[in-house]
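This report refers to the structure that appears directly beneath it.
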Amino acid sequence: SKSGQHIELGISENNLFMALGQLGLTEELFGSTLIPIGTLYDPFVRRGLDALFFGVYSGAKFIMIGTPSGISLSPEGGLHQSLITPSIGMEMPELDYYEPAFGKELEWIFLNGMNNVSKRKRSMYLRLTTSKLNQDIFNEYNNQKDIKSLREDIINGAYLFNSNISDDSDQYKINLFSLGAMFSEVIEAQKELLKEGITSNLINITGPGPLYRDFHNNSLDGSHLLKILSNHSKLPSISVIDGHPHALSWIGSALGVKSISLGITEFGQSGDQKDLYEYYGLDKNSIQDAVYKILKL
Numbered sequence: 010s011k012s013g014q015h016i017e018l019g020i021s022e023n024n025l026f027m028a029l030g031q032l033g034l035t036e037e038l039f040g041s042t043l044i045p046i047g048t049l050y051d052p053f054v055r056r057g058l059d060a061l062f063f064g065v066y067s068g069a070k071f072i073m074i075g076t077p078s079g080i081s082l083s084p085e086g087g088l089h090q091s092l093i094t095p096s097i098g099m100e101m102p103e104l105d106y107y108e109p110a111f112g113k114e115l116e117w118i119f120l121n122g123m124n125n126v127s128k129r130k131r132s133m134y135l136r137l138t139t140s141k142l143n144q145d146i147f148n149e150y151n152n153q154k155d156i157k158s159l160r161e162d163i164i165n166g167a168y169l170f171n172s173n174i175s176d177d178s179d180q181y182k183i184n185l186f187s188l189g190a191m192f193s194e195v196i197e198a199q200k201e202l203l204k205e206g207i208t209s210n211l212i213n214i215t216g217p218g219p220l221y222r223d224f225h226n227n228s229l230d231g232s233h234l235l236k237i238l239s240n241h242s243k244l245p246s247i248s249v250i251d252g253h254p255h256a257l258s259w260i261g262s263a264l265g266v267k268s269i270s271l272g273i274t275e276f277g278q279s280g281d282q283k284d285l286y287e288y289y290g291l292d293k294n295s296i297q298d299a300v301y302k303i304l305k306l
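Just so you know, the numbering used here puts 210 at position 201 of the sequence shown, and the rest follows in order with no gaps.
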C-alpha cells in the first residue's frame, strides 16, 4: 500500500531476496513504483545469494541492509561474523555496496539509494555495524567543509576526513584508509602516529563498490580516488576493513604505491571486541605496526 507494509519472513533469507526481487519489479510489471527495503543478519547474505543474484539480474531495484558487520559482532562467534560479504557487494553488477561509519553519511547515502531505486537506476546494499561511534567527531572535522561537495564525495565512495600533513617537508607520510566499524581504531592510530612524527591523511571510505567502479571506469583519466588525494596520491597506503582484506587491496595498485591491507582472513570467534581486534590485527597497535613496516621504521 502507499502507506507502507512490513513483512516478517523469519529465518528465511532466500525468501527475503525472492520477495525483494518481485517487489522491486512492480514498476515494470504494474506501473506502480515501490522502494522495497529488506533487513537481515549480514553473515546470512550468503544464504540467499542465488535469489539475490537472480533479483538483481532480472532488473529489480531494492535496498538491502545487512548488520552487524564482521568480527565487530564479537560475542556471537565465527558463524555469525560476516567476512566475505564485502566481496559479494563489490562484485555484484547493478548493486551499489556502501559501508558508512557515521549517521550523516548513512542519511545521505540512504536518500541517494532511494532516489536511484525510484528512478530505476541501481539497487543498494548497506553493510552496517552496531558498534558505538561518537557522532560528534563527524561534525568536529567536517563543519568547515562545503556540504554539497562533501555529500557528493560520500556518495561517490570516499572522502578526505582529515589531514595532519603540514607540508611536503614532512619526512614520514602515509595514507590511511578506513571503512565502517574500523574508524575508531584508525583515527586513534593516526593520533599515536603523529606523536611519533608520522603524518597522515585519513580517508574514510563510505562505498567500496562505487569507489572501485569509478576507478575501473576512469583509471586512465583520473578517478575520484585520485581527486580526493590530490598531490598526496603517491604516499604509501594502509587500508583497514572488518572483512576480507582483498576488498580494499586494489587501492595500492590503483594509486601505484606500496600498500598493506588489513582485514580478516580466518574464521572469527567469540570474545571481547577489543581482544578480537587485537587478535586479528585490526586494533590501533596493529595499524601502527603496519605503518612502521611499510615505512621501514
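The beta-carbon is built from N, C-alpha and C at its ideal position, and this holds for glycine as well. All of these numbers come straight from a predicted model, not from anything done at the bench.
Report, in whole angstroms, the separation of the C-beta atoms of residue i and residue j, which I expect to be a contact under 8 Å.
i, j, result
"leucine 29", "methionine 73", "7 Å"
"leucine 264", "lysine 243", "7 Å"
"asparagine 165", "aspartate 223", "6 Å"
"proline 95", "glycine 252", "4 Å"
"leucine 188", "leucine 257", "7 Å"
"aspartate 292", "glutamate 194", "6 Å"
"serine 78", "leucine 285", "Their Cβ separation, rounded to whole angstroms, is 13 Å, which puts serine 78 and leucine 285 out of contact at 8 Å."
"methionine 101", "phenylalanine 63", "In fact, because the Cβ distance is near 11 Å, the residues do not count as touching under 8 Å."
In whole angstroms, what separates the C-alpha of residue i from that of residue j?
i, j, result
"threonine 138", "leucine 203", "28 Å"
"tyrosine 50", "leucine 34", "24 Å"
"serine 175", "isoleucine 207", "11 Å"
"arginine 131", "glycine 19", "26 Å"
"alanine 110", "asparagine 143", "10 Å"
"isoleucine 247", "leucine 88", "28 Å"
"glutamate 22", "aspartate 59", "10 Å"
"valine 65", "serine 91", "21 Å"
"serine 209", "leucine 185", "7 Å"
"tyrosine 181", "glutamate 205", "10 Å"
"glutamate 85", "isoleucine 250", "19 Å"
"glycine 98", "aspartate 105", "7 Å"
"asparagine 148", "serine 140", "19 Å"
"asparagine 173", "leucine 32", "48 Å"
"tryptophan 259", "leucine 234", "12 Å"
"valine 266", "glutamine 153", "30 Å"
"isoleucine 183", "tyrosine 301", "10 Å"
"tyrosine 288", "glutamate 201", "20 Å"
"arginine 55", "aspartate 177", "46 Å"
"glutamine 14", "lysine 283", "39 Å"
"asparagine 125", "asparagine 227", "21 Å"
Between which two residues does the beta strand (DSSP E) containing residue i stretch?
i, result
"threonine 76", "72-76"
"alanine 110", "No beta strand (DSSP E) holds alanine 110; DSSP gives it neither H nor E."
"glycine 30", "Element bounds for glycine 30: not the beta strand (DSSP E) but the alpha helix (DSSP H), 22-32."
"valine 249", "246-249"
"isoleucine 237", "Per DSSP, isoleucine 237 belongs to no beta strand (DSSP E); it is in the alpha helix (DSSP H), 233-238."
"phenylalanine 63", "Taken as a continuous stretch (DSSP letters only), phenylalanine 63 belongs to no beta strand (DSSP E), being part of the alpha helix (DSSP H) at 58-66."
"methionine 101", "Taken as a continuous stretch (DSSP letters only), methionine 101 belongs to no beta strand (DSSP E), as it is neither H nor E."
"threonine 48", "46-50"
"phenylalanine 39", "No beta strand (DSSP E) holds phenylalanine 39; the alpha helix (DSSP H) holding it covers 35-39."
"isoleucine 93", "No beta strand (DSSP E) holds isoleucine 93; DSSP gives it neither H nor E."
Can you give me the start and stop residues for the alpha helix (DSSP H) that residue i sits inside?
i, result
"glycine 261", "259-264"
"lysine 182", "Lysine 182 -> not in any alpha helix (DSSP H); beta strand (DSSP E) instead, spanning 181-188."
"aspartate 284", "282-288"
"phenylalanine 192", "192-204"
"glycine 86", "Element bounds for glycine 86: n/a, residue is neither H nor E."
"isoleucine 146", "145-151"
"arginine 222", "217-227"
"asparagine 173", "Segment: none, asparagine 173 is in no alpha helix (DSSP H) and carries neither H nor E."
"serine 132", "Careful: serine 132 lies outside any alpha helix (DSSP H), inside the beta strand (DSSP E) at 132-136."
Tell me which residues share the same chain as residue i and place their Cβ nearer than 8 Å to its Cβ, disregarding the 5 neighbours each side in the sequence.
i, result
"tyrosine 168", "Leu159, Asp162, Ile212, Asn213, Thr215, Ile237"
"glycine 47", "Leu25, Phe26, Ala28, Leu29, Phe71, Ile72, Met73, Ile74"
"proline 254", "Ser248, Ser270, Leu271, Gly272, Ile273, Thr274"
Could you say which of the options lies nearest to residue i if we only look at CA atoms?
i, options, result
"leucine 304", "Leu257, Pro245, Leu285", "Pro245"
"phenylalanine 53", "Tyr66, Glu37, Asp105, Ile93", "Ile93"
"isoleucine 7", "Ile196, Glu114, Leu188, Val195", "This structure cannot settle anything about residue 7, because the visible part of the chain is limited to 10 through 306."
"glycine 218", "Asn151, Ile118, Gly290, Glu275", "Ile118"
"glutamate 116", "Leu135, Glu17, Ser140, Glu149", "Leu135"
"serine 81", "Gly98, Ala190, Asn173, Asn125", "Ala190"
"isoleucine 296", "Gln199, Ser232, Lys267, Gly261", "Gln199"
"glycine 112", "Asp145, Asp179, Gly261", "Asp145"
"isoleucine 16", "Tyr107, Asn294, Pro45", "Pro45"
Grab me the residues of residue i's own chain with a C-beta within less than 6 Å of its C-beta, minus the 5 sequence neighbours each way, in chain order.
i, result
"glycine 122", "Ile72, Met133"
"asparagine 171", "Tyr150, Leu211"
Tell me which same chain residues have a C-beta within less than 7 Å of the C-beta of residue i, skipping the five on either side of it?
i, result
"asparagine 151", "Leu159"
"lysine 68", "For the record, residue 68 in the displayed sequence is glycine; it is not lysine. Once the five neighbours on either side are set aside, the close Cβ partners of glycine 68 are Leu34, Glu37."
"threonine 42", "Thr35, Glu36, Ser127"
"alanine 299", "Ile247, Ile269, Leu271"
"arginine 129", "Glu36, Lys70"
"glutamate 103", "Val65, Arg131, Ser132"
"asparagine 240", "none"
"isoleucine 196", "Leu211"
"glycine 261", "Ser246, Lys267, Ser268"
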